[in-house]
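Below is one structure, written out as structure tokens, with a few remarks after it.
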Amino acid sequence: MRVFRYGFLLRNLIVRDFKIRYRNMSLGVFWSLLNPLVMMGVLTFIFTKVFPNPSIKNFGVFVLCGLVPYNFFAVAWVSGTTSLLNNAALVKRVRLPREAVPVSVVLANGIHFLIQIGLLLAFVLGAGYGVNPHWLWLPLIFGLEVVFVCGLSLASSAMDVFFRDVRYIVESTNTVLFWLVPIFYSFAIIPEQYKTVYQFNPVAAVVMACRLILLENRQPPFSILWKLTLVSTVALLIGLAVFRRSKRRFADYL
Amino acid sequence: MASAIEFRHVSKIYYRHHTRRFFHRYLMERMRRVPREPFYALRDVSFELEEGGSLAVVGPNGAGKSTLLSLIAGLSFPDEGQVEVRGRVAGLLELGSGFHPDLTGRENLVVYASLLGLSRKELRDRFDEIVEFSGIGDFLDEPLRTYSAGMILRLAFSVAIHVDADIMLFDEILAVGDQAFQAACLEKIRELRRKGSTFVCVSHSSELLKRLCTRGIWLEGGQVVRDGPVAEVVEAYQLSLVAHAHSAGTGRG
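Chains as they are written, first to last, in this note's numbering: chain A, 195 to 448; chain B, 4 to 256.
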């Protein structure tokens, strides 16, 4: 795959994106932590004081397990989608492997994801859950989520060049997904007939697997793992195919 | 000698509503084949440039000069005819594409060099030379927004000429530099030409073109009006400008 032959370029683009975001900000990377913390606080308040749900222990950590993967997904997908338009000057004027543009933006968000995963693990340990061998599954699971977002972003960024409405479709989808991913409720209370569908949603699958590993000390079931692998791989292949088909005409439309 | 660039009956067509295109419109076109009104940015352009050649492209705004360069650079593709380009192309099609004002000169330099296709090792070997030629000096670690336009040009140009491309494209960029830097650029370009690099330059400065290039093409309305030795073509073009004084091209093409 062509994307992977341009390691130096990709690395530079990722670093560039990361630096641009934090340059001239006094709090820097702290902002990466603030958003999930605020959301965690708000949701914990609502679901322990307003709609108390005694069946879930440690609601703060529970909800953070959902927020961290969801946040990465939502933010990375939107910025991936708009990446070609935001870098129009680059795409129009410089001959670079164009796949590198959305992929580098998603991967730059991956750095924030790592920081937030660090935050999550700190909360998990702080709440008294121990380290367990199933943690070794985490890199794979989070890695597959990154692959999935890369695939989606390749396709959606290419379409966004031709139809600028795509960005709004992506944003609306994210809003819907906030409710359809088990972030502030548990997978257990989903009615049986919808459970399979949930597992095919990679974000939901990542959240579920994450909770099983971190909070229940259990190995994620293979039914989740293979679906996650399948959907992520297919998304990447479709993304690359869509991108390749349309990239010749990018310069004419930007 | 083998040709570095070959255009065979090349046309580039844009359609009027490219800028405002809605999905339903797109579907309608797809299904009913609504006739679209074409606009030829280039029409039936043919030429050949041999390896080591240097071509000046002149013409008024909107003549198709930039379209021509982006076809050579492989950034866009012809709708009719064939474009053949042999070798590594490095283009300065716009001053500092990919530069970010909040990053330092050094950071921008690294990103830009990798965008133009330098590997980590190539960049390491040439880094000092690039900085030296740019003459940025102490500003290297200052954010780019503190740079003047001339300094940004020097940085971008310095990276571009150290890529060792077989074919180099310049779109109206040398105009920003001061006399001393222009002289240094010309010297460097002559040196690269002796090494066999091919050049294509777009500029409204006929003096510069006459010093840089040997061959000239005059484009107008997307078509080749004249093709020949640079002095002849540039002078003919300027005569036509005098004749239509009101349509003098002053901006970018």
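Here a beta-carbon is modelled for each residue, glycine too, at the ideal position from N, C-alpha and C.
Test: residue i CB closer than 9 Å to a CB of chain B
{"i": "residue 361 of chain A", "result": "no"}
{"i": "residue 288 of chain A", "result": "yes"}
{"i": "residue 206 of chain A", "result": "yes"}
{"i": "residue 202 of chain A", "result": "yes"}
{"i": "residue 354 of chain A", "result": "no"}
{"i": "residue 349 of chain A", "result": "no"}
{"i": "residue 284 of chain A", "result": "yes"}
{"i": "residue 281 of chain A", "result": "yes"}
{"i": "residue 399 of chain A", "result": "no"}
{"i": "residue 302 of chain A", "result": "no"}
{"i": "residue 439 of chain A", "result": "no"}
{"i": "residue 431 of chain A", "result": "no"}
{"i": "residue 383 of chain A", "result": "no"}
{"i": "residue 421 of chain A", "result": "no"}
Counterpart residues of residue i in DSSP-defined beta bridges
{"i": "residue 206 of chain B", "result": "BP columns for residue 206 of chain B are empty, so no partner."}
{"i": "residue 81 of chain B", "result": "Answer by DSSP bridge pairing: none, since residue 81 of chain B is not bridged."}
{"i": "residue 262 of chain B", "result": "Because chain B here runs from 4 to 256, residue 262 of chain B falls outside it and cannot be looked at."}
{"i": "residue 220 of chain B", "result": "B/60, B/230"}
{"i": "residue 94 of chain B", "result": "B/172"}
{"i": "residue 87 of chain B", "result": "B/9"}
{"i": "residue 224 of chain A", "result": "For residue 224 of chain A, which the question treats as bridged, DSSP gives no partner whatsoever."}
{"i": "residue 48 of chain B", "result": "B/13"}
{"i": "residue 18 of chain B", "result": "B/41"}
Test: residue i CB closer than 9 Å to a CB of chain A
{"i": "residue 206 of chain B", "result": "no"}
{"i": "residue 251 of chain B", "result": "At residue 251 of chain B, the pLDDT of 48 sits below 50, so the modelled position is not reliable and the matter cannot be decided from this model."}
{"i": "residue 7 of chain B", "result": "no"}
{"i": "residue 105 of chain B", "result": "yes"}
{"i": "residue 232 of chain B", "result": "no"}
{"i": "residue 66 of chain B", "result": "no"}
{"i": "residue 113 of chain B", "result": "yes"}
{"i": "residue 17 of chain B", "result": "yes"}
{"i": "residue 160 of chain B", "result": "no"}
{"i": "residue 80 of chain B", "result": "yes"}
{"i": "residue 71 of chain B", "result": "no"}
{"i": "residue 45 of chain B", "result": "no"}
{"i": "residue 84 of chain B", "result": "no"}
{"i": "residue 143 of chain B", "result": "no"}
{"i": "residue 60 of chain B", "result": "no"}
{"i": "residue 76 of chain B", "result": "yes"}
{"i": "residue 92 of chain B", "result": "yes"}
{"i": "residue 210 of chain B", "result": "no"}
{"i": "residue 108 of chain B", "result": "no"}
{"i": "residue 123 of chain B", "result": "yes"}
{"i": "residue 97 of chain B", "result": "yes"}
Any chain C beta carbon closer than 9 Å to residue i
{"i": "residue 305 of chain A", "result": "Looking for chain C here will not work: the only protein chains present are A and B."}
Option in the options with minimal Cα separation from residue i
{"i": "residue 349 of chain A", "options": "A/435, A/281, A/207", "result": "A/435"}
{"i": "residue 225 of chain B", "options": "B/214, B/14, B/239", "result": "B/14"}
{"i": "residue 329 of chain A", "options": "A/233, A/202, A/421, A/412", "result": "A/412"}
{"i": "residue 448 of chain A", "options": "A/233, A/273, A/228, A/282", "result": "A/282"}
{"i": "residue 173 of chain B", "options": "B/197, B/202, B/7, B/238", "result": "B/202"}
{"i": "residue 407 of chain A", "options": "A/251, A/207, A/254, A/259", "result": "A/259"}
{"i": "residue 74 of chain B", "options": "A/425, A/286, A/327", "result": "A/286"}
{"i": "residue 446 of chain A", "options": "B/79, B/222, B/171, B/127", "result": "B/79"}
{"i": "residue 272 of chain A", "options": "A/429, A/207, A/351", "result": "A/351"}
{"i": "residue 107 of chain B", "options": "B/77, B/62, B/154", "result": "B/154"}
{"i": "residue 139 of chain B", "options": "B/46, B/112, B/242, B/195", "result": "B/112"}
{"i": "residue 10 of chain B", "options": "B/236, B/242, B/220", "result": "B/220"}
{"i": "residue 252 of chain A", "options": "A/439, A/217, A/410, A/428", "result": "A/410"}
{"i": "residue 298 of chain A", "options": "A/210, A/443, A/398", "result": "A/210"}
Neighbourhood of residue i by C-beta, 6 Å cutoff - its chain only, sequence neighbours within 5 removed
{"i": "residue 136 of chain B", "result": "161"}
{"i": "residue 239 of chain B", "result": "229"}
{"i": "residue 305 of chain A", "result": "212"}
{"i": "residue 381 of chain A", "result": "402"}
{"i": "residue 12 of chain B", "result": "47, 49, 84"}
{"i": "residue 151 of chain B", "result": "none"}
7 Å CB neighbourhood of residue i in its chain, flanking five on each side removed
{"i": "residue 115 of chain B", "result": "101, 102, 159, 162"}
{"i": "residue 234 of chain B", "result": "213"}
{"i": "residue 192 of chain B", "result": "202, 215"}
{"i": "residue 354 of chain A", "result": "275, 276, 278, 279, 360, 361"}
{"i": "residue 132 of chain B", "result": "165"}
{"i": "residue 198 of chain B", "result": "none"}
Own chain, CB closer than 8 Å to residue i, minus 5 neighbours either side, in chain order
{"i": "residue 227 of chain A", "result": "309, 310, 313"}
{"i": "residue 72 of chain B", "result": "60, 94, 96, 172, 174, 203, 205"}
{"i": "residue 294 of chain A", "result": "197, 200, 203, 204, 207"}
Would you call the stretch 284-295 of chain A in contact with the stretch 396-408 of chain A, where contact means no fewer than 3 C-beta pairs closer than 8 Å? Touching, no.
Using 8 Å as the Cβ pair cut-off and three pairs as the minimum, do the stretch 78-93 of chain B and the stretch 238-250 of chain B touch? no
Tell me whether the stretch 238-247 of chain A and the stretch 332-341 of chain A touch, counting them as touching only if at least three CB pairs, one residue from each stretch, are closer than 8 Å. no
Say whether the stretch 267-281 of chain A touches the stretch 365-385 of chain A, bearing in mind that this needs 3 or more beta-carbon pairs closer than 8 Å, one atom from each stretch. yes
Does the stretch 112-130 of chain B touch the stretch 198-214 of chain A, meaning 3 or more C-beta pairs lie closer than 8 Å? yes
With a cut-off of 8 Å, do at least 3 Cβ pairs link the stretch 62-74 of chain B to the stretch 135-154 of chain B? no
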